[in-house]
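S.K.: Residue numbers (our numbering): 2 to 158. Ideal placement from N, C-alpha and C gives every residue a C-beta, glycine not left out. This structure is a prediction, so every number in the text was calculated from the model and none was measured.
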Amino acid sequence: MTHFILATLIYAQRDDRVLMLHRRKEPNLGLWIAPGGKIDPGESPRDCAIRELQEETGLHAVNPELRAIITELSPDPDWQWLMFVYRTQVEDDNEQGDGREGRLQWFPVDQVLSLPIPQADAIFFPYVIDPDGPPREMTFHYNADLKLQHWQTWPLR
């Protein structure tokens, strides 16, 4: 029986910049990602995203908006992810520069795709950050080496 790993990502924006985390451990070692993490028992995806942003950055989410529901599938039954991806504005300037998960840095939105980021993130980031587009459901299929093989997307509205 397949069990999904339930997780969230939350893209924090201030003006035309987005906060990214340079991972210092697996998964995604050495890549830039949004803050996030696994959903705790009894916790909603939204509450998880808010908690993870606070824990990893010290920032407070202002009206986080669900932008994507991501399913990542592979032949490995232990590598099946269901992620809820949020975008939020932040008003405070007191983020931690270097934390347990990695180094934080603000980037202009238009530079994020030039960073070393995970395969799927490079595909879903433009959808997530677009203020005018509808939220998306997306499915990513990987091979046994966790290389992206194909993906699909549908609007949620």
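(1) Taking the CB atoms as reference points, tell me whether P78 and I11 lie closer together than 8 Å.
(2) Helix or strand or just coil, what does DSSP make of D79?
(3) Whose C-alpha, out of P42, L83 and S115, is nearest the C-alpha of H142?
(4) For the alpha helix (DSSP H) that F5 lies in, which residues bound it at each end?
(5) Where does the unbroken alpha helix (DSSP H) through Q120 begin, and where does it stop?
(6) So I34 and L22 are supposed to be a Cβ contact under 8 Å. How far apart are they, rounded?
M.R.: Result, derived from the coordinates:
(1) Cβ atoms of P78 and I11: not closer than 8 Å.
(2) Per DSSP, reduced to three states, the secondary structure at D79 is coil, with no helix or strand assignment.
(3) Out of P42, L83 and S115, L83 has the C-alpha closest to the C-alpha of H142.
(4) Here F5 belongs to no alpha helix (DSSP H), and DSSP marks it neither H nor E.
(5) Run containing Q120: Q120 to I130, per the alpha helix (DSSP H) assignment.
(6) Contact between I34 and L22 holds, with the beta-carbon distance rounding to 6 Å and staying under 8 Å.
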